[in-house]
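Chemist: Numbering (our numbering), first residue to last: 23 to 329.
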Ligand SMILES: [Zn+2]
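1) Let's see if you can read the secondary structure: which residues bound the alpha helix (DSSP H) around residue 330?
2) Using 8 Å for Cβ pairs, my map puts residue 102 next to residue 61. What's the rounded Cβ distance?
3) Does DSSP put residue 219 in a helix, a strand or coil?
4) Tell me, please, which residues DSSP counts as bridged to residue 186.
5) Does residue 231 come within less than 8 Å of chain C when only Cβ atoms are used?
6) So, is residue 12 buried or exposed, given that buried needs 16 or more other C-beta atoms within 10 angstroms?
7) Here's the rule I'm using: 16 or more other beta-carbon atoms within 10 Å means buried, otherwise exposed. How should residue 308 be labelled?
8) Round the Cβ separation of residue 115 and residue 171 to the nearest angstrom and send it over; I've been treating them as touching at under 8 Å.
9) Determine the contact status of residue 283 and residue 225, defining contact as a CB-CB distance below 8 Å.
10) Among 139, 156, 92 and 150, whose alpha-carbon lies nearest the alpha-carbon of residue 275?
11) If you reduce the DSSP assignment to three classes, tell me which class residue 307 lands in.
12) Which stretch, first to last residue, makes up the beta strand (DSSP E) that contains residue 259?
13) For residue 63 and residue 118, what's the separation of their Cα atoms in angstroms?
14) Considering only the beta carbon of each residue, do residue 304 and residue 329 sit closer than 8 Å?
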């Protein structure tokens, strides 16, 4: 209860701060009156866009890395940045605006429940395989700004359903969202997996009895929408799955992902998917299209899971 109170208090403090600071210009000068916002439009050239951003936007290195990942992952949907009152930076994408950094210090749970765009990149997704144990609460990609994905993929169940197409996936037909290249990425994964299975037929069992793709639902035990709601996640064979909620809490500490086939994980990662197996709160049948998380990790160089 104390934690919750602290968060609300912090949120209120930021609100007051914004009101007292007033408007700001994007130039590295003191806030000027009369100017409410500045816009920085993205026209498809990531380096040129980054050069156009003034230093006054805050931690330029972190902002640039995240903006670069978003622009690389969603080149048609990412529209640029905007500054508002208090020089607060907003990300513009798919017609929406999303707070880049709310300046709040958050607990793990607060980050899941009240994330800003920057929070989505809090844990660096490890691109090296295999992954063994992970440190407590290390969940790269599990933080999601829900409104961002609603803007990208459809604002309601029926809107997402209308954006879903059938994808032939390793002998099954599944529904996947055609926006942001998600369905095409899943098709590309399937092509790569067929090459893997040609070499190692025993691995095909992982894509048999698929546990599902598009399904508008909350994540078990939370109020947050699963990315299955957006038609951008696929669950493989339930018989091969390990899920943190099925384990005793002490087993999360010692859970190893090393027995999971690298070839399958890498086929997905190559095309912009993250694996739920790389979370402390693991969900090993779950793959989710998150090209911004993969782009950010690639940009940081070879990333190994922390211990
Ligand atoms: Zn899933």
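Even for Gly, the Cβ is constructed at its ideal location relative to N, Cα and C.
Modeler: Concretely, from the data shown:
1) Since the displayed the chain opens at 23 and closes at 329, residue 330 lies outside it and no answer follows.
2) The distance from the Cβ of residue 102 to that of residue 61 is about 7 Å, consistent with a contact at the 8 Å cut-off.
3) Under the three-state reduction of DSSP, residue 219 is assigned to helix.
4) The bridge partners DSSP lists for residue 186 are 199.
5) No chain C is present in this structure, which holds just one protein chain.
6) In the structure as shown, the chain begins at 23 and stops at 329. Residue 12 is therefore absent and cannot be evaluated.
7) Classification of residue 308: buried, given that the 10 Å Cβ count is 16 or more.
8) Actually they do not touch by this definition, with Cβ atoms about 10 Å apart.
9) It is a contact, given that the beta carbons lie within the stated cut-off.
10) Looking at 139, 156, 92 and 150, the one whose alpha-carbon comes closest to that of residue 275 is 156.
11) Coil.
12) Unbroken beta strand (DSSP E) run through residue 259: 255-259.
13) Cα to Cα, residue 63 sits roughly 14 Å from residue 118.
14) Contact flag unset, no.
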